[in-house]
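Numbering-wise (full-length UniProt numbering), the sequence shown opens with residue 1 and increments by one.
First the structure, in the form of structure tokens, and then the observations on it.
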Amino acid sequence: MSEVNYSEVSEFVFLGLSTSRPMQRFLLSFSTVFYVTIILGNLLVVFTVIFDSHLHSPMYFLLANLSFMDLCLSTLTVPKMVSDLYSGQNTISFLGCVIQIFVLHVLGGCEMVLLTAMALDRYVAICKPLHYLTIMSPRMCILLLVSAWVIGLIHSVTQLAFVVHLPFCGPNEIDSFYCDLPRFIKLGCMDTYRLEFIITANSGFISMGTFFLLIVSYISILITVWKRSSGGLSKALSTLSAHISVVFLFFGPCIFVYVWPFPTVPVDKFLAILDFLITPILNPAIYTLRNKDMKMAMRRLSSWLLSLMKFS
């Protein structure tokens with residue numbers, strides 16, 4: 001493949017979410033408000049975990065990192081979408097598109113592994129409480145986090161290795177508001193059926209594999225609790241409901257977009273909005289509003305900040 005063909009398309013045009021100006025103005029306001037809420041909500045979780053010593057435990061360490069990843073995922077796509085809606089310039093450079101795809105899959109793969117690590121944490125806490133601090137040591141937590149980033153990086157590099165030399169000579173329109181592999185590949189100047197199959201298999205393997213592992217771990221937890229005490233089952237369900245909700249919110253759109261063989265543009269766009277604007281708000285809300293320790297820590301942090309403001 002010649003380098004000339006590879007560089008013929010220098011930028012891509014996003015078709016966006018709507019061509020109606022009233023709808024675009026609504027989406028601009030909606031996206032701006034939600035993105036500010038995402039920033040404030042997830043940073044609140046991160047800073048609360050960092051500054052409150054009562055939350056220096058494996059569960060909250062992993063939760064803070066989940067909030068950080070959610071914030072990064074939204075920041076990767078939403079500011080660009082808001083800028084496009086405001087200016088009407090719905091373009092992105094070829095390099096910018098490739099970088100967006102690369103970072104998106106790094107963060108996506110990383111978050112999948114992190115959610116698995118959070119399930120492991122709950123499994124050890126509920127099923128092996130006497131060995132919890134030994135198994136989920138600070139070293140283990142760091143190892144799990146590093147493993148998540150490494151696996152995310154390997155996943156993303158593997159994906160891009162198949163498409164980085166794909167020739168693009170037009171058209172250059174992407175029917176979305178961000179770059180991702182399924183629509184990116186379809187713009188290549190060659191038969192991309194085999195390539196689409198490889199990419200789908202890669203993404204499908206990691207998403208379905210981690211999702212299956214998560215479901216098995218939660219079922220194991222519930223069976224273990226039920227065997228010990230039937231009365232403890234409702235308490236375990238209450239504890240795990242937040243984790244299970246987050247898992248379905250994250251994996252549902254991923255599995256549909258990358259595994260479902262009959263893609264539909266309106267549904268894909270709705271799922272993208274769910275992934276980048278709704279889920280990053282729901283995650284901190286689910287974990288904080290249902291967690292007494294987090295709510296108490298946030299009150300302590302608020303009181304501390306107010307006292308600082310009074311003395312300044």
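Note that beta-carbon positions come from the ideal geometry of N, C-alpha and C, so glycine has one too.
Treat the numbers as computed from the prediction; the structure is a model and nothing was measured.
Limits of the unbroken alpha helix (DSSP H) element including residue i
| i | result |
| --- | --- |
| S74 | 58-87 |
| G41 | 21-51 |
Three-state secondary structure assigned by DSSP to residue i
| i | result |
| --- | --- |
| T192 | coil |
| F177 | coil |
| F168 | coil |
| S303 | helix |
| N291 | coil |
| L143 | helix |
| S18 | coil |
| L187 | coil |
| M298 | helix |
| M309 | helix |
| A161 | helix |
Own chain, CB closer than 7 Å to residue i, minus 5 neighbours either side, in chain order
| i | result |
| --- | --- |
| N65 | L114, L145 |
| L271 | P253, F256, V257 |
| H243 | M118, A119, R122 |
| C169 | N5, E8, V9, C189 |
| W180 | Sequence inspection shows Asp at residue 180; the Trp mentioned does not correspond to that position. Here the set comprises I101, L104. |
| T158 | N202 |
| T32 | V82 |
| S147 | V113 |
Close-in-space but distant-in-sequence residues of the same chain around residue i (CB under 6 Å, 5 per side omitted)
| i | result |
| --- | --- |
| I38 | S74, P280, I281 |
| T77 | Y178, F276 |
| L71 | N42 |
| C141 | P58, F61 |
| T224 | C127 |
| L153 | V106 |
| T91 | E11, V13 |
| M294 | T288 |
Residue i - containing beta strand (DSSP E), residue span
| i | result |
| --- | --- |
| F276 | Neither: F276 is in no beta strand (DSSP E) and is coded neither H nor E. |
Identified DSSP bridge partners for residue i
| i | result |
| --- | --- |
| E11 | S93 |
Same chain only: Cβ atoms within 8 Å of residue i, ignoring 5 sequence neighbours per side
| i | result |
| --- | --- |
| F68 | N42, V46 |
| N283 | N42, L66, S67, D70, V246, L249 |
| R183 | I174, D175, S176 |
| I185 | V163, L166, T192, L195, E196, I199 |
Can you list, in chain order, the stretches of the alpha helix (DSSP H) that have 4 or more residues and sit fully within the region 90-137?
94-127, 132-135
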